[in-house]
Amino acid sequence: MKEEKSQKPAFIFGKRNYIFMTIGIVFIALGFIFMAGGGSDNPAVFNEEIYNWQRIRLAPTLVIIGFGIEIYAILTSPKK
């Protein structure tokens, strides 16, 4: 009779990797939230709010930082 060894499922990433992935997702989500809006209710009226610094500078920067954090989280080796 053979004894079957029960092994715990091994995760690909460690706890530290998942924490960084969560932080990256939060940055990306915040960036997209800041990009939202700025439209006008009346299509005949132009709204200058679309050129706000928050939508032009801050939001894309947050998204790029979030993607950088995600890449870092994927490429770091998990601590064993």
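First residue of the sequence shown: 8, per my numbering; consecutive thereafter. Ideal Cβ placement from N, Cα and C applies to all residues, glycine included.
Would Asn59 pass as a contact of Gly45 if the rule is Cβ separation under 8 Å? yes
List, from N- to C-terminal side, the beta strand (DSSP E) runs of 3 residues or more that fit wholly inside the region 14–38. none
How many angstroms separate the CA atom of Ser13 from the CA atom of Phe41? 48 Å
At a cut-off of 7 Å, would you count Ala66 as near the ligand FMN, judging by its Cβ distance to the nearest heavy atom? For the ligand FMN, the structure offers nothing, since it holds no ligand at all.
Nearest-angstrom beta carbon gap, Phe27 and Leu69 [assumed within contact, 8 Å]: Actually they do not touch by this definition, with Cβ atoms about 16 Å apart.
Looking at C-beta atoms only, is the number of pairs between the region 79–86 and the region 50–59 that lie closer than 8 Å three or more? no
Go ahead and pull the three-state DSSP assignment for Ala43. coil
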